[in-house]
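A.B. asks: Dropping a structure here in structure tokens format, bear with me for questions.
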Ligand code: WQD
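Residue numbers (my numbering): 1144 to 1520.
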């Protein structure tokens, strides 16, 4: 059984985006459509809203019945629903975001996380293979590095045990996808390790809309700025960092989305002129049609670390609001700092992040202030 070729023009390719109504998924769908790809969003709406799909259409200027974007509601655990997608649409490749992603919740509900994230991906891979689709970009995470030995983190840094079931599912799925290629070299896999995605599309129409009280820093800060929460809780100011608060590599969600398009180009053998096929570290080999098989692993970050207080101050500047905060004890499972070495993505994908922390906060504020209740309003 052969694999579908990605060595075609975007308008001749259809990409299945699981979790495509979510925060990173919706921003990626915008970039795919703007590049001319046809997209099928498959999302169970467990952590997203159908309004986001309408907003994506509004951003790219297509009608609800435009065949370039189809939304199918469903769970990756539902084999029949997935088979229906693969029989209805000429799927050429998959960008796989769908999965539960709350670190703290995963500690309380490990079975649900392993069932949905691991089990759901196994069903997806089995159905995709059944229909000859073996091109997959996987939404992985810097969390697979665990407590890093040294900074910045390169893709060769050792993977340490994840400190929570969520991170464990990412690490295990990386291994599963790698083993799929080892067992069948027609698989074409890219693992994208995100650092800390924040921000929103410049239109303010789509953005991060977490359920309940946000676990992550940026949406929490944004809700303090818009008056929904009273103050920011800074989890520890005694870390070995410049101001004592945790340091992370925050990356604009649009930069992150563009990294996925670059990965599809790379998988289709459409490299920038300055990148020769033979210099790629891709484990596989160039195929006859110019595409490749193998497993590519890339950090998607900015290479710059920002502290919690850097984020608070940048958001005050972006929003014009004073953001009160209180220092609290460290949060269990947190590490002092992590930020990416991004040389490999720049050299091989021809991709690098463009936007700085001020732009991330400006765009996030525009989304939050015009949608104080997220998509609910
Ligand atoms: C960032 C910094 C906190 C909240 C997690 C997942 C990762 C990815 C991104 C899904 C840390 C501090 C936070 C708050 C705070 N998730 N903080 N007050 O933990 O780096 O990464 O989210 O893909 O996989 O591990 O992100 O935003 O929760 O924390 O002081 O209310 O902000 O201690 O230093 P994290 P975060």
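Idealized CB from N, CA, C, for every residue including glycine.
#1: For ligand 1, any of its heavy atoms closer than 6 Å to the Cβ of residue 1244?
#2: Among 1261, 1290 and 1460, which has the Cα closest to the Cα of residue 1097?
#3: With burial defined as no fewer than 16 other Cβ atoms inside 10 Å of the residue's Cβ, what is the status of residue 1354: buried or exposed?
#4: Answer yes if the region 1160 to 1173 comes into contact with the region 1394 to 1405, meaning at least three C-beta pairs across the two stretches below 8 Å, and no otherwise.
#5: Within the present structure, is the beta-carbon of residue 1360 separated from the nearest heavy atom of ligand 1 by less than 6 Å?
#6: Is DSSP giving residue 1151 helix, strand or coil here?
#7: Whole alpha helix (DSSP H) runs in the region 1230 to 1306 with 4 or more residues, listed along the chain?
#8: What three-state label does DSSP hand residue 1186 in the structure shown?
#9: With DSSP as the reference, identify every bridge partner of residue 1159, one or two as the case may be.
#10: Pull up the DSSP beta-bridge partners for residue 1222, would you.
#11: One question on the structure: do residue 1278 and residue 1149 come within less than 7 Å of each other, judged by their Cβ atoms?
#12: Pull the bridge partners of residue 1481 from the DSSP assignment, please.
#13: When we look at the beta-carbon of residue 1356 and count the other beta-carbons within 10 Å, is it buried (16 or more) or exposed?
#14: Is any heavy atom in ligand 1 found nearer than 6 Å to the beta carbon of residue 1213?
#15: For residue 1189, count neighbouring Cβ atoms within 10 angstroms of its own Cβ and tell me buried if that reaches 16, exposed if not.
#16: Would you be able to state if there are at least three C-beta pairs under 8 Å between the region 1360 to 1373 and the region 1300 to 1313?
#17: So does the region 1499 to 1513 actually touch the region 1457 to 1467, counting three or more Cβ pairs closer than 8 Å?
#18: Would DSSP call residue 1086 helix, strand or coil?
#19: Using only the alpha-carbon positions, how far apart do residue 1368 and residue 1387 sit?
#20: For residue 1290, tell me which candidate among 1232, 1377, 1391 and 1208 has the shortest Cα-Cα distance.
#21: Taking 6 Å as the line, does the beta carbon of residue 1332 fall inside it for any heavy atom of ligand 1?
#22: Should residue 1507 and residue 1365 be called a contact, given that it needs their Cβ atoms to be closer than 7 Å?
#23: Within 10 angstroms of its Cβ, does residue 1400 collect 16 or more other Cβ (buried), or is it exposed?
#24: Roughly how many whole angstroms lie between the Cα atoms of residue 1178 and residue 1184?
#25: Using the three-state DSSP reduction, which class does residue 1531 fall into: helix, strand or coil?
#26: Which of the three DSSP states is assigned to residue 1362 in this structure?
#27: Say yes only if the C-beta of residue 1284 is nearer than 6 Å to one or more non-hydrogen atoms of ligand 1, and no if none qualify.
#28: What is the DSSP secondary structure of residue 1348, reduced to helix, strand or coil?
C.D. replies: With the given structure in hand:
#1: The residue you call residue 1244 lines up with position 101 of the chain shown. When distances are taken from the beta-carbon of residue 1244 to the heavy atoms of ligand 1, the shortest one is below 6 Å.
#2: Residue 1097 cannot be examined here, being either before or after the span of the chain that is shown, 1144 to 1520.
#3: The residue labelled residue 1354 in the question sits at position 211 within the chain shown. Exposed.
#4: Here the region 1394 to 1405 makes contact with the region 1160 to 1173; the two share three or more CB pairs at distances below 8 Å.
#5: Your numbering for residue 1360 matches position 217 in the chain shown. It does: the Cβ of residue 1360 is within 6 Å (strictly closer) of some heavy atom of ligand 1.
#6: On the chain shown, position 8 is the one that residue 1151 refers to. It is coil, neither helix nor strand.
#7: With a minimum length of 4 residues, the continuous alpha helix (DSSP H) runs that stay inside the region 1230 to 1306 are 1246 to 1251, 1253 to 1256 and 1263 to 1273.
#8: Stepping through the chain shown from its first residue, residue 1186 is reached at position 43. If DSSP states are grouped into helix, strand and coil, residue 1186 belongs with the strands.
#9: Here residue 1159 refers to the residue found at position 16 when the chain shown is read from its first residue. Beta-bridge pairing by DSSP links residue 1159 to 1183 and 1237.
#10: Against the chain shown, residue 1222 aligns to sequence position 79. Answer is none; residue 1222 lacks a bridge partner.
#11: Position 135 of the chain shown, counted from the first residue, corresponds to residue 1278. Position 6 of the chain shown, counted from the first residue, corresponds to residue 1149. Yes, they are a contact pair.
#12: Stepping through the chain shown from its first residue, residue 1481 is reached at position 338. According to DSSP, residue 1481 bridges with 1391.
#13: Numbered from its first residue, the chain shown carries residue 1356 at position 213. Residue 1356 counts as exposed, since fewer than 16 other C-beta atoms from the protein chains shown sit within 10 angstroms of its C-beta.
#14: As a first step, residue 1213 must be located in the chain shown, where it is residue number 70. The closest heavy atom of ligand 1 lies 6 Å or more from the beta carbon of residue 1213.
#15: For the purposes of this step, residue 1189 is taken as residue 46 along the chain shown, with counting starting at 1. So residue 1189 counts as exposed.
#16: The region 1360 to 1373 and the region 1300 to 1313 do not touch, with fewer than three beta-carbon pairs separated by less than 8 Å.
#17: Yes, the region 1499 to 1513 touches the region 1457 to 1467.
#18: Because residue 1086 is not part of the residues shown, which for the chain are 1144 to 1520, the question remains open.
#19: Looking up residue 1368 in the chain shown gives position 225. Looking up residue 1387 in the chain shown gives position 244. Cα to Cα, residue 1368 sits roughly 23 Å from residue 1387.
#20: Numbered from 1 along the chain shown, position 147 holds the residue referred to as residue 1290. Among 1232, 1377, 1391 and 1208, the Cα nearest to that of residue 1290 is on 1391.
#21: For the purposes of this step, residue 1332 is taken as residue 189 along the chain shown, with counting starting at 1. No, since every heavy atom of ligand 1 falls outside the 6 Å radius drawn around the Cβ of residue 1332.
#22: As a first step, residue 1507 must be located in the chain shown, where it is residue number 364. As a first step, residue 1365 must be located in the chain shown, where it is residue number 222. Yes, they are a contact pair.
#23: By 1-based counting over the chain shown, the position of residue 1400 is 257. Buried: at least 16 other Cβ atoms inside 10 Å.
#24: Taking the first residue of the chain shown as 1, we reach residue 1178 at position 35. Taking the first residue of the chain shown as 1, we reach residue 1184 at position 41. Approximately 16 Å, taken between the alpha carbons.
#25: No answer is possible for residue 1531: the residues shown for the chain start at 1144 and end at 1520.
#26: Numbered from 1 along the chain shown, position 219 holds the residue referred to as residue 1362. DSSP places residue 1362 in helix when its eight states are reduced to three.
#27: On the chain shown, position 141 is the one that residue 1284 refers to. For ligand 1, at least one heavy atom lies less than 6 Å from the Cβ of residue 1284.
#28: As a first step, residue 1348 is located in the chain shown; it is residue number 205 there, counting from the start. If DSSP states are grouped into helix, strand and coil, residue 1348 belongs with coil.
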